[in-house]
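These notes concern the structure reproduced below.
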Amino acid sequence: MSHTPHRLEVKNISIGYGEKTILRDLSFQVPHRSRVAVVGPNGAGKSTLFKALVGLLPLQQGNIFIHGEALGAHQDCVAYVPQREEVDWRFPVTVNDVVMMGRFSQMGWFKQPKTYDKEMVHKSLTQMGIADLAGRSIGQLSGGQQQRVFLARAIAQEPHILLMDEPFTGVDVTTQEATLRLLDHLREKGVTALVSTHDLNLAASRFDFVLLLKQRLIAFGAPQEVFTRENLAQAFGNSLLMMDNGLALVDECCPPE
5 MSHTPHRLEV
15 KNISIGYGEK
25 TILRDLSFQV
35 PHRSRVAVVG
45 PNGAGKSTLF
55 KALVGLLPLQ
65 QGNIFIHGEA
75 LGAHQDCVAY
85 VPQREEVDWR
95 FPVTVNDVVM
105 MGRFSQMGWF
115 KQPKTYDKEM
125 VHKSLTQMGI
135 ADLAGRSIGQ
145 LSGGQQQRVF
155 LARAIAQEPH
165 ILLMDEPFTG
175 VDVTTQEATL
185 RLLDHLREKG
195 VTALVSTHDL
205 NLAASRFDFV
215 LLLKQRLIAF
225 GAPQEVFTRE
235 NLAQAFGNSL
245 LMMDNGLALV
255 DECCPPE
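Residues in the sequence shown are numbered consecutively from 5, following this note's numbering.
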């Protein structure tokens, strides 16, 4: 069986914490260079899925394949940008140090960075417009600047697959547009991206596919195929309003992931 380059395949996976299952019997395939919006209410399992895709959470069942090989065979090809709330911004480390962490899987832990590693870090910082902040502590930065640091770290890793967990939450419009431009740039380089978001209008207008979750797979496909009244009602229940000119969520009260 041949496999498309950089293809991500998820087959009948269940993921949880201890004996508690958060996501159950999930299967989908992401084509090469696709941009996928991962959508669902709070507690749907979006962050849980990303942590499993990067190997931070073990699978209860099923398999994940990248390039047709089991997860873990390619140590450096999946980059993960977590939610800002999950990061301890008080840790005494500079912007340059954080971005250099994106090179560790390729250069090896406890080894000195080579010229190419330093060049990649500088290039990534420049691309995100934060080269002038390289010597600053991450704790001194604004929320938008912190987001750009983690995006630069992901670029420096030179990933084949990029996972971004709620990158548009709590950032300014400038950072949001910079993130979208980065996704355009990475698509040109053949990078596949999965991005979780609560903005359904953004998911419908700027992404190739939508993965709609609520502890299981509700739907996966093109936005117009996924964003039907039936699918949205299954995912969001009475918290959803559909308008002629777009989509909006109200009264979301589910527990956090």
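Glycine is no exception: its CB is placed at the ideal position from the N, C-alpha and C atoms.
Asked, Found
"Cβ pair K158, V102 closer than 8 Å", "Here residue 158 is Ala; the residue named in the question, Lys, does not match the sequence. Going by C-beta atoms, A158 is not nearer than 8 Å to V102."
"Beta-bridge partners of E73, as assigned by DSSP", "I70"
"Counted within 10 angstroms of its Cβ, other Cβ atoms place Q161 as buried (16 or more) or exposed", "buried"
"Backbone secondary structure at R39 - three-state DSSP", "strand"
"Cβ-Cβ distance between L12 and I165 below 8 Å", "yes"
"Candidates V42, A83 and Q228: closest to V58 by CA position", "A83"
"Where Q144 falls, given that 16 or more other Cβ within 10 Å makes a residue buried", "exposed"
"Whether R107 touches M124 by CB criterion (8 Å)", "yes"
"Secondary structure of K50, DSSP reduced to three states", "helix"
"Which of helix, strand or coil DSSP assigns to Q161", "coil"
"8 Å contact criterion, which L204 and F172 should meet: CB distance rounded", "Actually they are not in contact, since the Cβ atoms of L204 and F172 sit about 12 Å apart, beyond 8 Å."
"Same chain, Cβ closer than 6 Å to D176, neighbours up to 5 away in sequence not counted", "G148"
"Exposure label - R185; buried when at least 16 CB within 10 Å", "exposed"
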